[in-house]
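Protein sequence lines, in the order shown, are assigned to chains A and B. My numbering numbers the first residue of the first sequence as 17 and each following residue consecutively. My numbering numbers the first residue of the second sequence as 17 and each following residue consecutively. Positions of the beta carbon are idealized from the N, C-alpha and C atoms, including for glycine. None of the values given here were measured: they were computed from a predicted structure. Have a look at the structure below before the remarks.
Number of protein chains: 2
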Amino acid sequence: MLDPVSVLQGHGLHVTAQRLAVLRAAVRHPHGSADTIASAVRAEIGAISLQAVYDALALLSEKGILRRIQPAGSPALFDPRAGDSHHHLICRSCGKVTDVDCAVGSAPCLTASEHHGYEIDEAEVVYWGACPNCRAKPPVPGP
Amino acid sequence: MLDPVSVLQGHGLHVTAQRLAVLRAAVRHPHGSADTIASAVRAEIGAISLQAVYDALALLSEKGILRRIQPAGSPALFDPRAGDSHHHLICRSCGKVTDVDCAVGSAPCLTASEHHGYEIDEAEVVYWGACPNCRAKPPVPGP
DNA sequence: AACCAATTTTTGAATAATTCAACTAATAGA
DNA sequence: TCTATTAGTTGAATTATTCAAAAATTGGTT
Numbered sequence: 017m018l019d020p021v022s023v024l025q026g027h028g029l030h031v032t033a034q035r036l037a038v039l040r041a042a043v044r045h046p047h048g049s050a051d052t053i054a055s056a057v058r059a060e061i062g063a064i065s066l067q068a069v070y071d072a073l074a075l076l077s078e079k080g081i082l083r084r085i086q087p088a089g090s091p092a093l094f095d096p097r098a099g100d101s102h103h104h105l106i107c108r109s110c111g112k113v114t115d116v117d118c119a120v121g122s123a124p125c126l127t128a129s130e131h132h133g134y135e136i137d138e139a140e141v142v143y144w145g146a147c148p149n150c151r152a153k154p155p156v157p158g159p
Numbered sequence: 017m018l019d020p021v022s023v024l025q026g027h028g029l030h031v032t033a034q035r036l037a038v039l040r041a042a043v044r045h046p047h048g049s050a051d052t053i054a055s056a057v058r059a060e061i062g063a064i065s066l067q068a069v070y071d072a073l074a075l076l077s078e079k080g081i082l083r084r085i086q087p088a089g090s091p092a093l094f095d096p097r098a099g100d101s102h103h104h105l106i107c108r109s110c111g112k113v114t115d116v117d118c119a120v121g122s123a124p125c126l127t128a129s130e131h132h133g134y135e136i137d138e139a140e141v142v143y144w145g146a147c148p149n150c151r152a153k154p155p156v157p158g159p
């Protein structure tokens with residue numbers, strides 16, 4: 017990704033310390049939640065309101081700089097790898113999110129068999145399962 | 017689906033008026049939210065606590081009788097068509113959910129190109145777009 | 001270099017969906 | 001029918017997110 021300042025300017029956005037820090041934090045914490053990112057930003061610039069974090073994340077997502085994903089049972093997560101079509105592996109026990117490229121070329125599963133009159137603009141795929149770490153040590157065994 | 021009483025018994029569950037009504041409401045309101053289902057249940061049996069609705073829906077989902085889906089920006093929805101692998105078309109403007117069968121056989125897109133060590137148990141596909149109705153009448157045009 | 005209108009951020013409260021916990025009621029097998 | 005167990009009700013708590021109004025900052029303008 018280009019430097020954050022250029023990214024913001026390139027989209028005609030005002031450049032502010034908060035937005036820069038949010039963008040950098042999102043890049044450093046791929047698939048981070050608003051809360052995670054707020055903490056990371058605070059570690060970098062000292063203070064930011066949660067509202068400003070939400071505003072910046074919404075703006076960056078709207079401009080296509082970040083991609084918002086909302087796995088079931090999780091708060092919204094923000095993915096800096098936006099624009100390219102990739103999908104997600106999500107661990108049912110620890111929630112870890114890992115990027116996966118689409119299996120066959122760009123859009124094999126992206127075409128519904130029957131579109132039922134819908135005009136489809138995106139196909140989102142989530143693979144649910146157990147991550148390597150959680151497979152290794154299953155939940156506390158009973159007595 | 018079999019009659020609700022058999023369904024519950026077949027899974028070794030206690031048969032209660034609340035559970036029966038929740039199951040019937042979920043079948044009559046495919047892709048309904050907990051709230052929608054609570055209203056439908058109240059229309060049928062008079063009263064039920066929201067907590068009982070949540071409990072019943074969680075239990076039915078856990079037993080694989082219903083399938084819980086949680087599209088971004090929506091409360092959890094419950095799909096009576098569980099067990100068979102189908103996916104969802106979701107309208108970005110009105111939220112309407114429509115079932116779609118998987119394009120090629122049972123699991124073409126269900127195999128990630130690279131599983132990164134995960135043990136995958138489910139692939140969830142959501143097609144986002146505009147439903148026929150919302151395509152016909154776009155949001156109020158500006159002046 | 002300072003000004004100003006527009007945009008951002010802060011602050012504090014509100015909301016929606018869901019869950020926790022303690023008490024009461026109903027179920028199903030003995 | 002009795003009763004241990006399982007469910008349901010009630011009421012409050014939590015989490016993630018949004019709303020709204022006041023204060024601060026931005027980036028072009030004089």
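{"query": "Which residues in chain B sit within 9 Å of A:V142, going by Cβ to Cβ distance?", "result": "E138, A139, E140, V141 and V142"}
{"query": "Looking only at DSSP bridge pairs, what is B:D95 linked to?", "result": "B:R83"}
{"query": "Hey, is B:L105's beta-carbon within less than 8 Å of any beta-carbon in chain A?", "result": "yes"}
{"query": "Counting only C-beta atoms, is B:G111 closer than 8 Å to chain A at any point?", "result": "no"}
{"query": "For B:A130, which residues in chain A fall below 8 Å Cβ to Cβ?", "result": "Residue 130 of chain B is actually Glu in this sequence, not Ala. In chain order: V116 and D117."}
{"query": "Let me check understanding here. Comparing Cα to Cα, which of B:D115, B:Y143 and B:A33 lies closest to B:I61?", "result": "B:A33"}
{"query": "Per DSSP, what kind of secondary structure is A:E60 in: helix, strand or coil?", "result": "helix"}
{"query": "Might you give, ordered along the chain, the residues of its own chain that have their beta carbon closer than 6 Å to the beta carbon of B:L105, omitting 5 neighbours on each side?", "result": "T114, V116 and Y143"}
{"query": "Can you say whether A:E138 is buried or exposed, counting buried as having 16 or more other CB atoms within 10 angstroms of its CB?", "result": "exposed"}
{"query": "B:G145 CB to nearest chain A CB: under 8 Å?", "result": "yes"}
{"query": "Against chain B, with Cβ distances strictly below 8 Å, would A:R70 count as a contact?", "result": "Correcting the residue identity first, residue 70 of chain A is Tyr in this sequence and not Arg. Output row for A:Y70: interface = no."}
{"query": "Counting pairs of Cβ atoms below 8 Å between the segment 34-53 of chain B and the segment 62-70 of chain B, do you hit three or more?", "result": "yes"}
{"query": "In its own chain, which residues sit with a C-beta less than 6 Å from the C-beta of A:V92, not counting the 5 before and 5 after it?", "result": "The question names Val, but residue 92 of chain A in the sequence shown is Ala. Once the five neighbours on either side are set aside, the close Cβ partners of A:A92 are R84 and Q86."}
{"query": "Under a CB-based cut-off of 8 Å, is A:R151 close to chain B?", "result": "yes"}
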